[in-house]
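Participant:
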Amino acid sequence: MEERKRRRELGLPELYLYGKDTTAVTYNDFVNKELILFSNMDNERSIPSVVDGFKPGQRKVLYTCLKRNDKREVKVAQLVGSVAEQSAYHHGEQALAGTIVGLAQDFVGSNNINVLLPVGQFGTRLQGGKDAASPRYIFTMLSSVTKHLFSNLDSPLLHYLFDDNLKIEPEYYVPIIPMVLVNGAEGIGTGWSTKVPNYNPRDLVKNIYRMLDGNEPQPMNPWYKNFRGQIDRLDEQHFMVSGEIAILEDNKIEITELPIRTWTQVYKENVLEPMLHGTDKVPAFITDYKEYHTDTTVRFVVTMTPDKLQQARNQGLHKVFKLQTSISLSSMVLFDHLGCLRKYDNPEQILKEFYEVRSALYDRRKEYMVGALEAESLKLKNQARFIVEKIENKFTIENRRKAEMIKILVDRGYDSDPLKSWKEAQKEHIVEAEEKTEESDGEKEATSSGPDYDYLLGMTLWSLTRERKDELLKKRDEKIKELNDLKSKSPSDLWRNDLKEFVEELDKFEKEQKEDDVGTSKLKKKTTGKKKLTDEDKPSPFGERVNPQIDEDFKKKWEKKPTVPGEAKKGRKKKLADIKEEDGDDIKEVSLSDRVASSAKKTKKEPRKTT
């Protein structure tokens, strides 16, 4: 891993084992240069980037949607084919459809900001998204918030990849806030796994404002959209998640929220059913329960004897009804901006690394935009001057050869096409909006050799009218004003403006979502068959809310026990995160033959003595 990181920093290509003259390879080279490629690829598909929070499949979906820029919903099954075609997706269609569905889900415990709009049945908290409809029946498109997160002004500055001479998605996108903290991440690779909880996007925006002012970010707690439970900090890396429970009568309670990622149907089958019917080891604890759910809310009304209720209160209702889980920050492993795996201890570390990458891109964006506006304004200046001087008959170009006309323009101090010259200078950063047919070598030489005045000589006769002249002069003045305004702003001002527009759009989007939930939305969406919230589904106003208590057994599980150096429990395997923490990124190259020899020495048995 250290070697890969070093090569990435120096811009060197990946090491490959086989060449034209390769006739034999060592076990060491095969394992550490060939077999390791599978592990790296597996990790890249399973663990997201710290910059945009996407795995490659998710990034391909976003790239295709941004490129298509659909104004109306598109069927998920059709989008699957489009992604496979335009971004060179090499895996199964079902996996890609699942990726698209996952990007559009918005129920509790899924995404805090869904990149795609869910138009149809994309799954609910009843079964954790597994109840999504078939891709041929559901529709989606880019969310309006997504376009504020991933600005098209950044597109020319991204590093795009190529697959078989086809330009595909960039190495990573750079949103204006760290999406890996907004929507979290979870995945299991080879030798590495990751789990990042969700955080409040508004908390992230506030922390970015603090960092722009030169201050340190404040600690953040996990946050899940529309979650009505409670999240309490146990220590620096552990949190307790509690559902909601209330006492209605001396023999009746209601459960109105479950812990994060505890799905309604699973909870019913694994907790309430055994408590109702009992098991071989545990007798029945409750006498009945009723369900009043929607696809977005939970409400169980549980009946039991007064003695059992008192017993549950003594033990702790949250503990008895298994309404407490934990969130750990000990497995936050992500690919950094250099493409190397790194373990993060807290969300603030992730935010700081993202901040550095995003700040550098804003510097480049301002430089790029200033160059583009200067070229555009200079082009408009030349066009306006050309029209004015032509109207005043300061030169004549009629009935002349093209070479003579170009010489006249050069002598009068007109610039060769400024916009074209600037684009050629920035060719490595320019992203063509549409694919253009390749010119022949001769045509390229003809167009690139000598000054280019087609932007003047190619103007129509209509451009010489007073209306067109006034319009062109107005455009020139507007472009110059826009350029001066941009020069007066710092890169941090551009970031602040983007954050402000994003928060405004997010507020508008969430307001429309709430109106849609209560049936008053003006959004033109296809019906999704969602059950509307009724009074029966809402928590009872007469219930006595039970405050969650941190159980001692629950707390002891996270307390660090002092260990004696060199002493370990027998038969207990080290956790994967602990192993990676000890070894870091240093992977020692040991040949397979050396490992076999070492293993043989350890397992070598002494010959049995005969008497």
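For the sequence shown, position 51 matches number 59 in this note's numbering, and the numbering has no gaps at all.
Every residue gets a Cβ at the ideal spot worked out from N, C-alpha and C, and that includes glycine.
(1) Counting only runs of 4+ residues fully inside the region 147-177, write out the alpha helix (DSSP H) ranges in chain order.
(2) Measuring straight from C-alpha to C-alpha, what distance separates Tyr232 and Ile239?
(3) Pop quiz: Leu125 and Ala112 are said to be a contact at Cβ under 8 Å. What is the actual Cβ separation, rounded to whole angstroms?
(4) What residue range does the beta strand (DSSP E) around Phe235 cover?
(5) Between the region 360-377 and the region 264-279, do at least 3 Cβ pairs fall closer than 8 Å?
(6) Determine, using beta-carbon pairs with one atom in the region 259-272 and one in the region 309-320, whether at least three such pairs fall under 8 Å.
(7) Pull up the DSSP beta-bridge partners for Phe343, would you.
(8) Kindly indicate the opening and closing residues of the beta strand (DSSP E) around Gln332.
(9) Classify Ile395 as buried or exposed, calling it buried when 16 or more other Cβ atoms lie within 10 Å of its own Cβ.
(10) Between the alpha carbons of Arg67 and Leu317, how many angstroms are there, rounded?
(11) Would you kindly report the start and end of the unbroken alpha helix (DSSP H) that includes Phe517?
(12) Mind checking who Thr202 pairs with in its DSSP beta bridge?
(13) On the criterion of 16 or more Cβ atoms from any shown chain inside 10 Å, does Val84 qualify as buried, or is it exposed?
(14) Return the bridge partner residues of Leu124 from the DSSP annotation.
(15) Which same chain residues, not among the five before or five after Phe130, have their C-beta less than 7 Å away from its C-beta?
(16) Using the DSSP secondary-structure output, state which residues sit across from Tyr297 in a beta bridge.
(17) Under three-state DSSP, which class holds Lys63?
(18) Please state the DSSP three-state secondary structure of Ile253.
(19) On the DSSP letters alone, give me the boundaries of the alpha helix (DSSP H) that Thr272 sits inside.
(20) In angstroms with no decimal places, state the Cα-to-Cα distance between Asn36 and Leu45.
(21) Are there 16 or more other CB atoms within 10 angstroms of the CB of Ala292, so buried, or fewer, so exposed?
(22) So, are the CB atoms of Val341 and Thr202 less than 8 Å apart?
(23) How should Leu18 be labelled, buried or exposed, when 16 other C-beta atoms within 10 angstroms of its C-beta is the threshold for buried?
(24) Would you mind stating whether Asp344 and Val58 have Cβ atoms separated by less than 8 Å?
(25) Straight-line CA distance for Leu212 to Thr154?
(26) Closer than 7 Å by C-beta to Lys330: which residues in its own chain qualify, once you throw out the five before and the five after it? Chain order, please.
(27) When you compare only the Cα positions, how much space is there between Gly237 and Thr304?
(28) With H, G and I counted as helix, E and B as strand and the rest as coil, what does DSSP make of Lys28?
(29) Using the Cα positions of Gln226 and Asn354, report the straight-line distance between them to the nearest angstrom.
(30) Taking only three categories from DSSP, how would you classify Lys289?
(31) Gln102: buried (16+ other C-beta within 10 angstroms of its C-beta) or exposed?
(32) Closest by CA to Thr148, which one among Leu349, Pro56, Val88 and Gly100?
(33) Since Lys260 is in the beta strand (DSSP E), which residue starts that stretch and which ends it?
(34) Taking the Cβ atom as the reference point for each residue, do Arg210 and Val418 lie within a distance shorter than 8 Å?
(35) Would you call Glu384 buried or exposed, if buried means 16 or more other Cβ atoms sit within 10 Å of its Cβ?
(36) To which residues of the same chain is Leu469 closer than 8 Å at the C-beta, ignoring the five residues directly before and after it?
Facilitator: The relevant details are as follows:
(1) 152-157
(2) 10 Å
(3) Correct: roughly 6 Å between the Cβ atoms.
(4) Run containing Phe235: none; DSSP gives neither H nor E here.
(5) With the cut-off at 8 Å, the region 360-377 and the region 264-279 do not touch.
(6) The region 259-272, when compared against the region 309-320, does touch it at the 8 Å Cβ threshold.
(7) Its beta-bridge partners are Ser57 and Leu349.
(8) Gln332 -> beta strand (DSSP E) spans Gln332 to Ser336.
(9) It counts as buried.
(10) 50 Å
(11) Pro499 to Asp525
(12) Beta-bridge pairing links Thr202 to Gly195.
(13) buried
(14) Leu150
(15) Val109, Ala112, Gln113, Ala140 and Ile146
(16) Looking at the DSSP output, Tyr297 shares a beta bridge with Val310.
(17) coil
(18) strand
(19) Thr272 to Tyr275
(20) 14 Å
(21) exposed
(22) yes
(23) exposed
(24) Result yes, Cβ atoms of Asp344 and Val58 sit closer than 8 Å.
(25) 16 Å
(26) For Lys330, where only same-chain residues beyond five positions count, the Cβ hits under 7 Å are Val279.
(27) 14 Å
(28) coil
(29) 11 Å
(30) coil
(31) Exposed, by the Cβ-count rule.
(32) Val88
(33) Lys260 to Glu265
(34) no
(35) buried
(36) Same-chain partners within the cutoff: there are none.
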